[in-house]
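Using the UniProt record's numbering, the first residue of the sequence shown is number 1, and each one after it goes up by one.
In what follows, a structure is listed as structure tokens, so that the remarks can point back to it.
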Amino acid sequence: MCGNSKISFLSSNDMHILRKMSVRSKRIADTVEALIGAYLGAAGEQAAFVFLKSLGLDIEFHSNIPLERKIVLKSEKFINVRSLEMILGYEFKDTSLLVEALTHGSYQTAGATACYQRLEFLGDAVLDHLFTIYFYNQYPECTPELLTDLRSASVNNNCYAHAAAKAGLNKHILHSSLQLHGRMAYYFENFKQPFTGPSHGWEAGIGLPKVLGDVIESLAGAIYLDSKYDKEVVWKSMKQLLEPLATPETVERDPVKLLQEFCARRSYSSSYTKAHKDGVSSVVVEVQVEGTTYSATETGPDKIVAKKLAAKSLLNNLKAIVP
Numbered sequence: 001m002c003g004n005s006k007i008s009f010l011s012s013n014d015m016h017i018l019r020k021m022s023v024r025s026k027r028i029a030d031t032v033e034a035l036i037g038a039y040l041g042a043a044g045e046q047a048a049f050v051f052l053k054s055l056g057l058d059i060e061f062h063s064n065i066p067l068e069r070k071i072v073l074k075s076e077k078f079i080n081v082r083s084l085e086m087i088l089g090y091e092f093k094d095t096s097l098l099v100e101a102l103t104h105g106s107y108q109t110a111g112a113t114a115c116y117q118r119l120e121f122l123g124d125a126v127l128d129h130l131f132t133i134y135f136y137n138q139y140p141e142c143t144p145e146l147l148t149d150l151r152s153a154s155v156n157n158n159c160y161a162h163a164a165a166k167a168g169l170n171k172h173i174l175h176s177s178l179q180l181h182g183r184m185a186y187y188f189e190n191f192k193q194p195f196t197g198p199s200h201g202w203e204a205g206i207g208l209p210k211v212l213g214d215v216i217e218s219l220a221g222a223i224y225l226d227s228k229y230d231k232e233v234v235w236k237s238m239k240q241l242l243e244p245l246a247t248p249e250t251v252e253r254d255p256v257k258l259l260q261e262f263c264a265r266r267s268y269s270s271s272y273t274k275a276h277k278d279g280v281s282s283v284v285v286e287v288q289v290e291g292t293t294y295s296a297t298e299t300g301p302d303k304i305v306a307k308k309l310a311a312k313s314l315l316n317n318l319k320a321i322v323p
């Protein structure tokens, strides 16, 4: 079925069945996703919605539905609206959305709005979509694997946190948490290097406060709602915050994944041992190479950072030893 027209392929005189074969459900699902992408890329979102409807997935999206918010507050009492709008390159119609996007769950003050978590949830999805479209259109020759690496390098909390720090958004976050204050102070005291390019954050060996990345997502969600679901407006604001973006030449793949692939090609076995003490995580990674054990140990503010650093260190060592 396409639109209101019904096509019966089985009764077509032009169809000849040579043989029957079974097809895995995942392959069918992949084909449907590819068709959705084809409609989206060639004819836009509405065409993709029509195609989904023809499959029985009737998804309605009305961009003209008014955003109902019963929050009335003097935003300037909580934040510097003008300064933030200059950072974002966007002027809010409803500044209470801006306040909400910067309000941590620990902040409890009379008259304050809700915390940023719902906007963060929305902004996460919007940014994922925008980066997917951007990389797909920007690099038509890239393989699906490289497109995935580009998106993974860009759509992550570490990357967002660096962007927030670079823009000085840490000065505008509303919170009442001593622990968060301590983590923010530690980060800005220890991370002295200027932000000069795409970074995974973990490479610095310093734990980026998650709230920094969260507010990038919540601000994206706030702009999306305030602009009446205009993704181009969101992209214009977020792109200038997150630049320079990853490129096929600058993207660095996840070292844990690279080590896994390195070992799989040579039938090597690998293992990780993790420990955490006094606020510091340590990870030991070992790889068995023809009866010989090679290892690397790294520390970090959390297990994820330490694991990536250890994998990168051992992978570099193995590349110098193993042909």
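Beta carbons: idealized from backbone N, C-alpha and C, even for Gly.
message = For a test of your reading of the model: does the CB of residue 321 fall under 7 Å from any non-hydrogen atom of the ligand GDP? Yes or no.
response = Inclusion of the ligand GDP in the displayed structure is not the case, the ligand content being empty and no account of it being possible.
inquiry  = Applying the 10 Å Cβ sphere with the 16-neighbour rule, what's the burial state of residue 41?
reply    = With fewer than 16 other Cβ atoms within 10 Å, it is exposed.
task = Could you spell out the range, first to last residue, of the alpha helix (DSSP H) harbouring residue 313?
result = Counting along the chain, the alpha helix (DSSP H) containing residue 313 begins and ends at 303-321.
task = Sort 293, 295, 284 by Cα distance to residue 306 and report the nearest one.
result = Just measuring C-alpha positions, the residue of 293, 295, 284 sitting nearest residue 306 is 284.
key: residue 209 and residue 174 closer than 8 Å at C-beta   = No, they are not a contact pair.
inquiry  = Is the separation between the beta-carbon of residue 83 and that of residue 98 shorter than 8 Å?
reply    = No; because the gap between Cβ atoms is not below 8 Å, this pair is not in contact.
request  = Could you check the C-alpha separation between residue 38 and residue 129 for me, to the nearest Å?
outcome  = Residue 38 and residue 129: Cα-Cα distance of roughly 15 Å.
The segment 238-254 touching the segment 290-307, judged by at least three CB pairs closer than 8 Å = Output reads no: the segment 290-307 does not touch the segment 238-254.
task = Reducing DSSP to helix, strand and coil, say where residue 216 ends up.
result = Here residue 216 sits in helix by DSSP.
query = Would you call the CB atoms of residue 154 and residue 245 closer than 8 Å?
reply = Residue 245 sits close to residue 154, with the two beta carbons spaced by under 8 Å.
key: Those residues which DSSP pairs with residue 296 across a bridge   = The partner list for residue 296 (beta bridge, DSSP) reads 285.
Own chain, CB closer than 8 Å to residue 281, minus 5 neighbours either side, in chain order = Closer than 8 Å at the Cβ level, and outside the excluded window around residue 281, lie 274, 275, 299, 300, 301, 302, 303, 305, 306.
message = What does the alpha-carbon distance come out to for the pair residue 187 and residue 87?
response = Looking at the two C-alpha atoms, the distance is approximately 21 Å.
key: Element boundaries [alpha helix (DSSP H), containing residue 134]   = From DSSP, the alpha helix (DSSP H) with residue 134 extends over 117-138.
request  = Please check the pair residue 248 and residue 146, which I expect to be a contact at CB under 8 Å, by giving their CB distance rounded to whole angstroms.
outcome  = Contact holds; Cβ gap of about 6 Å.
request  = Report the three-state DSSP secondary structure of residue 22 (helix, strand or coil).
outcome  = Of the three classes helix, strand and coil, the one that applies to residue 22 here is coil, per DSSP.
query = In angstroms, rounded to a whole number, what distance separates the CA positions of residue 20 and residue 26?
reply = Looking at the two C-alpha atoms, the distance is approximately 18 Å.
inquiry  = If the criterion is Cβ atoms closer than 8 Å, does the pair residue 165 and residue 216 meet it?
reply    = Contact: no.
task = Could you check what DSSP says for residue 172 in three-state terms: helix, strand or coil?
result = It is helical.
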